[in-house]
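Colleague: In the numbering used here, the protein residues as written are 5 to 384.
Ideal Cβ placement from N, Cα and C applies to all residues, glycine included.
Here the structure is a predicted model, which is why all the values come from computation and not from measurement.
Take this structure, written in structure tokens, and hold onto it; I'll ask about it next.
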Amino acid sequence: MALVSRTQSLSAFSSSSTHFRKPHSASSFNPISSLRFNSSSSNSSSSSPFTEKTSVQRYQRDRWLYQNQPLEFHQPLPTPCCSLPPDFNSLRENDIALQLPELRKLLQVLREKRHTEGDRGSCGPGNVFLVGTGPGDPELLTMKAYRVIQTADLLLYDRLVSNDVLELVASGARLLYVGKTAGYHSRTQEEIHELLLSFAEAGANVVRLKGGDPLVFGRGGEEMDFLRQQGIEVNVIPGITAASGIAANLGIPLTHRGVANSVRFLTGHSRKGGTDPLFVAENAADHDSTLVVYMGLSTLPSLAQKLVHHGLLPNTPAVAVERGTTPQQRMVFAELKDLADEIVSAELVSPALIIIGKVVALSPLWPYASKEVSSVVEAL
5 MALVSRTQSL SAFSSSSTHF RKPHSASSFN PISSLRFNSS SSNSSSSSPF
55 TEKTSVQRYQ RDRWLYQNQP LEFHQPLPTP CCSLPPDFNS LRENDIALQL
105 PELRKLLQVL REKRHTEGDR GSCGPGNVFL VGTGPGDPEL LTMKAYRVIQ
155 TADLLLYDRL VSNDVLELVA SGARLLYVGK TAGYHSRTQE EIHELLLSFA
205 EAGANVVRLK GGDPLVFGRG GEEMDFLRQQ GIEVNVIPGI TAASGIAANL
255 GIPLTHRGVA NSVRFLTGHS RKGGTDPLFV AENAADHDST LVVYMGLSTL
305 PSLAQKLVHH GLLPNTPAVA VERGTTPQQR MVFAELKDLA DEIVSAELVS
355 PALIIIGKVV ALSPLWPYAS KEVSSVVEAL
């Protein structure tokens, strides 16, 4: 019971409730296989802090895009948990077709405004800001990001920009969802490039909102390179990347003297997709480094096996965190060999972050007594 009361006293680290697995025998160094923290709410899309592909919040927020459509497009939408039509390509194409009239109208208004200002000697393309919004908690925004969000004409936002952050957008601004989820891209990357270019050329103050940091697995570098080649000025406003925000929230130091002298960010997906893209595992199996895996739920079983094969100990501490830093945060602490199975058992869903390394055992939420933590750190 000491372990239970000790961990429950740390509830300030998360708004989630705590659930424990039955401990194994205390005589060996593996008294508990994992520790889970579960939100009291459902993990369905209806409780997500982020914009889902067909969420009611998204269509209410982007309602201006459908102003020229028949009345039925203004009726309340089905709840977000309802299934989508099987033909995702048709859904995407129809959605874009419905948006085009209002996008063209907005472009024309901006061009006319630019022409009028040009007559007064202030003609020129607008600016594009790539803004990182952090892992979800709106209080993790930088002051500069908040100021730019407040002054935007048009904001293109991703799925992982939290709804709380989007509530900060000025009432006169226009929002356009360009998010991507597995199997459904509301806009291709090339279409996003063209949207940014078109509105910047029309003189708009365009903000590209991205979850985390725009230059850490956010394809911000591709957008920046494309726009600069077209002569458009691009300003990057960094955000707190998920690795830093979530690790801090859990009390995990990504580096720690004598425990981890480096940290490495990995993507769990390859450029071409697939279930086994993790060719970096051989070089990543470093006892003195912390590994942070983005978008890695589906490929974790392969990664864990490869890391162990290349020398990382099976009992290396690890944690998987769903919807980190938000009220819906859920997490699973486990040893590396057990983590994939525990994720499946806990039914964690994307977006999720995985941290692997000895530093995980330094979290006050790690389910071992302090003496055992010292032993595992020394042993590893």
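Is the distance from the Cβ of G4 to the Cβ of S293 below 9 angstroms?
Modeller: No statement about residue 4 is possible, as the shown extent of the chain runs from 5 to 384 and does not include it.
Colleague: Mind reading off the beta-carbon distance from L340 to L316? Whole number of angstroms is fine, and I expect it under 8 angstroms.
Modeller: Indexing the sequence shown from 1 puts residue 340 at position 336. Indexing the sequence shown from 1 puts residue 316 at position 312. Contact flag correct, Cβ pair sits at about 7 angstroms.
Colleague: Reducing DSSP to helix, strand and coil, say where L160 ends up.
Modeller: Counting from one through the sequence shown, the residue named residue 160 turns up at place 156. In the structure shown, L160 sits in a strand (DSSP, three-state: E or B).
Colleague: Per DSSP, what kind of secondary structure is E339 in: helix, strand or coil?
Modeller: The residue labelled residue 339 in the question sits at position 335 within the sequence shown. It is a strand residue.
Colleague: Hey, does F133 have any beta-carbon neighbour from chain C nearer than 9 angstroms?
Modeller: You won't find chain C in this structure, because it holds only one protein chain.
Colleague: For a test of the three-state rule: what should DSSP assign to R232, helix, strand or coil?
Modeller: On the sequence shown, residue 232 is found 228 positions in, with the first residue counted as 1. R232: helix per DSSP, three-state reduction.
Colleague: Okay, do the region 152-171 and the region 257-270 touch, 3+ Cβ pairs below 8 angstroms being the bar?
Modeller: Judged by Cβ distances under 8 angstroms, the region 152-171 makes no contact with the region 257-270, as fewer than three pairs qualify.
Colleague: Using the Cβ count rule (16 or more neighbours within 10 Å means buried), how would you classify V4?
Modeller: For residue 4 there is no data in the structure shown, the boundaries of the chain being 5 and 384.
Colleague: Between the alpha carbons of N209 and V132, how many angstroms are there, rounded?
Modeller: Within the sequence shown, residue 209 is the residue found at index 205, counting from 1. Within the sequence shown, residue 132 is the residue found at index 128, counting from 1. The alpha-carbon atoms of N209 and V132 are separated by roughly 6 angstroms.
Colleague: Suppose you measure from the CA of A365 to the CA of V296; what does that come to, to the nearest Å?
Modeller: Translated into the one-based positions of the sequence shown, residue 365 becomes position 361. Translated into the one-based positions of the sequence shown, residue 296 becomes position 292. Rounded to whole angstroms, A365 to V296 spans 15 angstroms at the Cα level.
Colleague: Ends of the beta strand (DSSP E) at I358?
Modeller: Within the sequence shown, numbered from 1, the residue matching residue 358 stands at position 354. A356 to I360 is the extent of the beta strand (DSSP E) around I358.
Colleague: Determine the DSSP secondary structure at F203, reduced to helix, strand or coil.
Modeller: As a first step, residue 203 is located in the sequence shown; it is residue number 199 there, counting from the start. Helix at F203.
Colleague: Measuring alpha carbon to alpha carbon, tell me which of F230, V182 and I359 ends up nearest T55.
Modeller: Taking the sequence shown and counting its residues from 1, the one referred to as residue 55 is at position 51. For T55, the nearest C-alpha among the options comes from V182.
Colleague: Less than 9 angstroms between the C-beta atoms of L144 and G249, yes or no?
Modeller: Here residue 144 corresponds to residue number 140 of the sequence shown, with the count starting at 1. Here residue 249 corresponds to residue number 245 of the sequence shown, with the count starting at 1. Contact: yes.
Colleague: Excluding five sequence neighbours on each side, which residues of the same chain lie with their C-beta closer than 7 angstroms to the C-beta of T271?
Modeller: Counting from 1 along the sequence shown, the entry for residue 271 is found at position 267. Hits under 7 angstroms: F221, Y298 and M299.
Colleague: Indicate the three-state DSSP secondary structure (helix, strand or coil) for F221 in the structure shown.
Modeller: Taking the sequence shown and counting its residues from 1, one reaches residue 221 at position 217. Three-state DSSP puts F221 in coil, outside helix and strand.
Colleague: Less than 8 angstroms between the CB atoms is what I'm expecting for L343 and A324, so what's the real figure, rounded?
Modeller: What you label residue 343 is simply residue 339 of the sequence shown in a count that begins at 1. What you label residue 324 is simply residue 320 of the sequence shown in a count that begins at 1. Right, their Cβ atoms sit about 6 angstroms apart.
Colleague: From T155, S175, V60 and V363, pick the residue whose C-alpha is nearest to that of N319; which is it?
Modeller: Counted from its first residue, the sequence shown places residue 319 at position 315. Taking only the C-alpha atoms, the option nearest N319 is V363.
Colleague: Which value, in whole angstroms, describes the spacing of the CA atoms of A246 and P139?
Modeller: Counted from its first residue, the sequence shown places residue 246 at position 242. Counted from its first residue, the sequence shown places residue 139 at position 135. Taking the straight line joining both Cα atoms gives about 5 angstroms.
Colleague: Mapping DSSP to helix, strand and coil, what is L145?
Modeller: Position 141 of the sequence shown, counted from the first residue, corresponds to residue 145. L145: coil per DSSP, three-state reduction.
Colleague: Is G136 near P242, with beta carbons less than 9 angstroms apart?
Modeller: Translated into positions along the sequence shown, residue 136 becomes position 132. Translated into positions along the sequence shown, residue 242 becomes position 238. Going by C-beta atoms, G136 is nearer than 9 angstroms to P242.
Colleague: Can you tell me the Cα-Cα spacing of D345 and A101, whole angstroms?
Modeller: Here residue 345 refers to the residue found at position 341 when the sequence shown is read from its first residue. Here residue 101 refers to the residue found at position 97 when the sequence shown is read from its first residue. If you take the alpha carbons of D345 and A101, they lie about 43 angstroms apart.
Colleague: In terms of DSSP beta bridges, what is N209 paired with?
Modeller: Along the sequence shown, read from residue 1 onward, the residue named residue 209 stands at position 205. The partner list for N209 (beta bridge, DSSP) is empty, contrary to what the question assumes.
Colleague: Would S51 and Q332 qualify as a contact pair, given that the criterion is a beta-carbon distance under 9 angstroms?
Modeller: For the purposes of this step, residue 51 is identified with residue 47 of the sequence shown, where counting begins at 1. For the purposes of this step, residue 332 is identified with residue 328 of the sequence shown, where counting begins at 1. Cβ distance < 9 angstroms, so S51 and Q332 count as in contact.
Colleague: Taking buried to mean at least 16 other C-beta atoms within 10 Å of its own C-beta, is F33 buried or exposed?
Modeller: Taking the first residue of the sequence shown as position 1, residue 33 is located at position 29. Its pLDDT being 31, under 50, F33 is placed unreliably in this model, and the coordinates cannot settle the point.
Colleague: CB L180 to CB L158, shorter than 9 angstroms?
Modeller: Reading the sequence shown from its first residue, position 176 is the one you call residue 180. Reading the sequence shown from its first residue, position 154 is the one you call residue 158. In contact: L180 and L158 (Cβ atoms closer than 9 angstroms).
Colleague: Which first and last residues belong to the beta strand (DSSP E) in which N239 is found?
Modeller: Here residue 239 is taken as the residue at index 235 of the sequence shown, counted from 1. Start and end: V238 to I241.
Colleague: How far does the beta strand (DSSP E) with Y181 in it reach, from first residue to last?
Modeller: One-based indexing of the sequence shown puts residue 181 at position 177. Where Y181 is concerned, the enclosing beta strand (DSSP E) stretches over R178 to Y181.
Colleague: Taking buried to mean at least 16 other C-beta atoms within 10 Å of its own C-beta, is S21 buried or exposed?
Modeller: For the purposes of this step, residue 21 is taken as the residue at position 17 of the sequence shown. For S21, the predicted model reports a pLDDT of 34, less than 50, meaning its position is unreliable; a value from the coordinates is still stated below. Result: exposed.
Colleague: Measure the Cβ-Cβ separation of P129 and E205 and say whether it is below 9 angstroms.
Modeller: As a position in the sequence shown, residue 129 is number 125, starting the count at 1. As a position in the sequence shown, residue 205 is number 201, starting the count at 1. Closer than 9 angstroms, so yes.
Colleague: In three-state terms, what does DSSP make of V325?
Modeller: Locating residue 325 in the sequence shown gives position 321, counting from the first residue. Strand at V325.
Colleague: Anyone know if the C-beta pair for A288 and I359 falls short of 9 angstroms?
Modeller: Stepping through the sequence shown from its first residue, residue 288 is reached at position 284. Stepping through the sequence shown from its first residue, residue 359 is reached at position 355. No. Outside cutoff.
Colleague: Are A177 and A156 close, meaning C-beta to C-beta below 9 angstroms?
Modeller: Within the sequence shown, residue 177 is the residue found at index 173, counting from 1. Within the sequence shown, residue 156 is the residue found at index 152, counting from 1. For A177 and A156, yes; Cβs fall inside 9 angstroms.
Colleague: Under a Cβ-count criterion, where at least 16 other Cβ atoms within 10 Å of its own Cβ denotes burial, should R232 be classed as buried or exposed?
Modeller: Counting from one through the sequence shown, the residue named residue 232 turns up at place 228. Exposed, by the Cβ-count rule.
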